[in-house]
Amino acid sequence: MFNKKITVLAVLFTLLWTAGAQAEIKEGLWEITTKVEMKGVPMQMPATTVKQCITKDKPVPKSASDDYECKVKDYKVSGDTVTYKIECWGKDGLMTTEGKTTYKGNTFDGTSTTRIKTKGQPEMQLSNKISGKYIGPCKK
């Protein structure tokens, strides 16, 4: 259950980060793959792939997790590279994510680091590798 929550949140961060950088990418349907590695845990979590329609009016779908309230604290676009910081608060604690991605036409690649501070637990660190590809126009 905990690993599933971590994966959902990693995907959420990816979607938030993509939305913040929408000026640099094409409007339309994107396939976004996130590979999460947890520091100190030898078991690999499987990659997660989602399809998201990114538009100016609706850049981020509703989160699958209502347990956290997230806010993009900082993002910068410099050429084809985007850097960002996200903070999320919830009853379980605080999560912060810092990342960087580079767009190349119909694709992007990036990395991010997420730190999770949960009450009564040692801090956890996740490393995320993110890639995306433009699929085409959004289906109506």
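Numbering (the numbering used here), first residue to last: 1371 to 1510. Where is the CB? At the ideal position from N, CA and C, for every residue including glycine.
Against chain D, does W1459 count as a neighbour if the rule is that its beta carbon must be under 8 Å from one of theirs? The question asks about chain D, but that chain is absent: this structure has only one protein chain.
If you scan the region 1426–1482 from start to end, which runs of the beta strand (DSSP E) of 3 or more residues do you find wholly inside it? 1438–1448, 1451–1460 and 1463–1474
Is the beta carbon of T1418 closer than 8 Å to that of S1501? Counted from its first residue, the sequence shown places residue 1501 at position 131. Counted from its first residue, the sequence shown places residue 1418 at position 48. Their beta carbons are not under 8 Å apart, which means S1501 does not touch T1418 by this criterion.
Once DSSP output is grouped into helix, strand and coil, what is the label at G1410? Indexing the sequence shown from 1 puts residue 1410 at position 40. Coil.
Could you check the C-alpha separation between V1406 and T1483 for me, to the nearest Å? Here residue 1406 corresponds to residue number 36 of the sequence shown, with the count starting at 1. Here residue 1483 corresponds to residue number 113 of the sequence shown, with the count starting at 1. If I take the Cα positions, the gap works out to 9 Å.
Which of helix, strand or coil DSSP assigns to E1401: Stepping through the sequence shown from its first residue, residue 1401 is reached at position 31. E1401 falls in the strand class under three-state DSSP.
Cβ separation of E1439 and K1455, assumed to be a contact under 8 Å, to the nearest whole Å: Numbered from its first residue, the sequence shown carries residue 1439 at position 69. Numbered from its first residue, the sequence shown carries residue 1455 at position 85. No, E1439 and K1455 are not in contact; Cβ-Cβ is about 15 Å, not under 8 Å.
Cutting at 8 Å between CB atoms, please list the residues of its own chain near T1488, excluding the five before and the five after it. Here residue 1488 corresponds to residue number 118 of the sequence shown, with the count starting at 1. Contacts found: D1462, G1463 and M1494.
Output the distance between the C-alpha atoms of T1453 and G1490, rounded to the nearest integer angstrom. Residue numbering aside, residue 1453 sits at position 83 when the sequence shown is read from its first letter. Residue numbering aside, residue 1490 sits at position 120 when the sequence shown is read from its first letter. The straight-line gap from Cα to Cα measures roughly 31 Å.
Indicate the three-state DSSP secondary structure (helix, strand or coil) for Q1422 in the structure shown. Sequence index remark: in the sequence shown, residue 1422 carries index 52 (1-based). Strand at Q1422.
Delimiting residues of the beta strand (DSSP E) encompassing K1499: As a first step, residue 1499 must be located in the sequence shown, where it is residue number 129. M1494 to G1506 is the span of the beta strand (DSSP E), which, as asked, contains K1499.
On the criterion of 16 or more Cβ atoms from any shown chain inside 10 Å, does W1400 qualify as buried, or is it exposed? On the sequence shown, position 30 is the one that residue 1400 refers to. Per the 10 Å Cβ criterion, buried.
Where DSSP assigns a beta bridge to K1487, which residues make up the other side? As a first step, residue 1487 is located in the sequence shown; it is residue number 117 there, counting from the start. DSSP output for K1487 lists L1464 as bridge partner(s).
Please determine, among E1397, G1398 and K1409, the residue with the shortest C-alpha to C-alpha distance to S1497. For this step, residue 1497 is matched to residue 127 along the sequence shown. Looking at the Cα atoms, K1409 is the closest of the given residues.
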